[in-house]
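Order-wise, the sequence lines are chains B and D. At position 149 of the first sequence the residue is numbered 149 (the working numbering), and the sequence of numbers has no breaks. Position in the second sequence counted from 1, then plus 168, gives you the working numbering. For every residue, glycine included, the Cβ atom is placed at its ideal position computed from N, Cα and C. Structure first, then comments.
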Amino acid sequence: MSKPKRVGELEVHEDIARQNVEWKIERIGWVLMAIVLLAALAGLLGPGPLSAAKARANGLEVEYDRFVRYQSPTIVRVWVDPGEARQGKIRLSLTRRYIENSEVKHIDPEPESVEVAGDRLTYTFLTGSTSQTSAITYQLEPNMSGPAALSIGLDPGGEVNLHQFIYP
Amino acid sequence: MESVIRGLIVYFFLLVVFRISGTRTLAQSTNFELVLLLIISETTQQAMVDNDHSVTNGFLLIMTLVGTTIALSLLKERFPALDKWLDGMPFVIIENGKMLKERMKKARVDEADILEAARSLQGLERLDQIKYAIVERSGEITIVPKQES
């Protein structure tokens, strides 16, 4: 350490100029923390008002969160328009890599079957109605972090492309 | 994420947050501050360990934390400026019996804190018995009493 300063009869390693800068940095730090917390509450660092999103394509609408967190529960809900079923079945095809890198906790309703082909997974769901909207809910926890892309396609029908950012 | 990287990130995050909050924030002078410290320790553990409860992961994390502390202490020796900024420096808040109110306000230290330190360290009864009061790097307040003549 440098030589101590002399304050009256006291020898102490004081540097009040540096201390003032430190106090200033402290206060800036508090403001930054407040901003981060507000961003989190707003849904920029995880699920929240600014994170909730919807995507639409021919025959389906998907609710999802734009910002999610590593191994933290999130829901992707697919609303299939009435009349899109073929012989009482709805087929949804999803990006296989996304599902591979997530833990799928639950799918409501349970699919009748799941087919794997190339880079898609196709889920088949039974439906009894042709006049009502059908909701299919995927409850999952991502096992990856960073930008992630998931495309959900109605087979046959439109396809939505979702983009999420998964905070580590 | 690799354990070592996770450990490093958490270490530096804690370092920065604690420095920004000021050394007195967790001085444990009240029961609540003790509770706060315990809660922070639990939260940190969850962030660092992730789902890996292996002995290997535990050892890696411990070595990362200890190793980083050692590395920083070596760097501090080499670069004294780093020492000043990482650990802070003491400063006087009572000089020759006179309270330096500006500094007390910036440091968020009040008379009650000074009197408590005076009683605890020197058994003093009143403010006018204090010659110097210094806020040390640890956030603790130390007292130099006036000489009884």
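With a cut-off of 8 Å on Cβ pairs, the segment 262 to 272 of chain D is not in contact with the segment 234 to 252 of chain D, counting fewer than three such pairs. With contact defined as three or more Cβ pairs closer than 8 Å, the segment 131 to 146 of chain B and the segment 43 to 57 of chain B are not in contact. Near chain B, meaning a CB-to-CB distance below 8 Å, the residues of the segment 221 to 254 of chain D are Pro248, Asp251, Lys252 and Trp253.
Looking at the backbone, the Cα of phenylalanine 259(D) and that of isoleucine 28(B) are separated by about 21 Å. Valine 7(B): not part of any alpha helix (DSSP H); member of the beta strand (DSSP E) spanning 5 to 7, first to last residue.
Of the residues assessed, methionine 33(B) falls on the exposed side of the cut-off, its CB having fewer than 16 other CB atoms within 10 angstroms. The beta-carbon of valine 68(B) is placed no less than 8 Å from the nearest beta-carbon of chain D.
For the alpha helix (DSSP H) assignment, the uninterrupted runs of no fewer than 4 residues enclosed by the segment 234 to 278 of chain D are, from N- to C-terminal side, 248 to 255 and 269 to 275.
Per DSSP, reduced to three states, the secondary structure at leucine 50(B) is coil, with no helix or strand assignment. Within the same chain, and ignoring the five residues on either side of arginine 276(D) in sequence, the residues whose Cβ sits closer than 8 Å to its Cβ are Gly190 and Arg192. Under the Cβ criterion of 8 Å, glycine 307(D) is not counted among the residues facing chain B.
Using a Cβ distance threshold of 8 Å, lysine 314(D) and glycine 256(D) do not count as a contacting pair.
By the rule that beta-carbons nearer than 8 Å mark a contact, arginine 77(B) does not touch chain D. Taking the CA atoms as reference points, tryptophan 23(B) sits about 21 Å from proline 4(B). A distance of 8 Å or more separates the beta carbons of leucine 60(B) and leucine 150(B). Under the DSSP assignment, glutamine 213(D) falls outside any beta strand (DSSP E), being part of the alpha helix (DSSP H) whose first and last residues are 199 to 217. Per DSSP, the beta-bridge partners of tryptophan 79(B) are Glu61(B) and Ala135(B). Using a Cβ-Cβ cut-off of 7 Å, glutamine 164(B) is close to nothing in chain D; its nearest Cβ partner there is about 18 Å away. In the three-state reduction of the DSSP assignment, glutamine 19(B) falls in the helix class.
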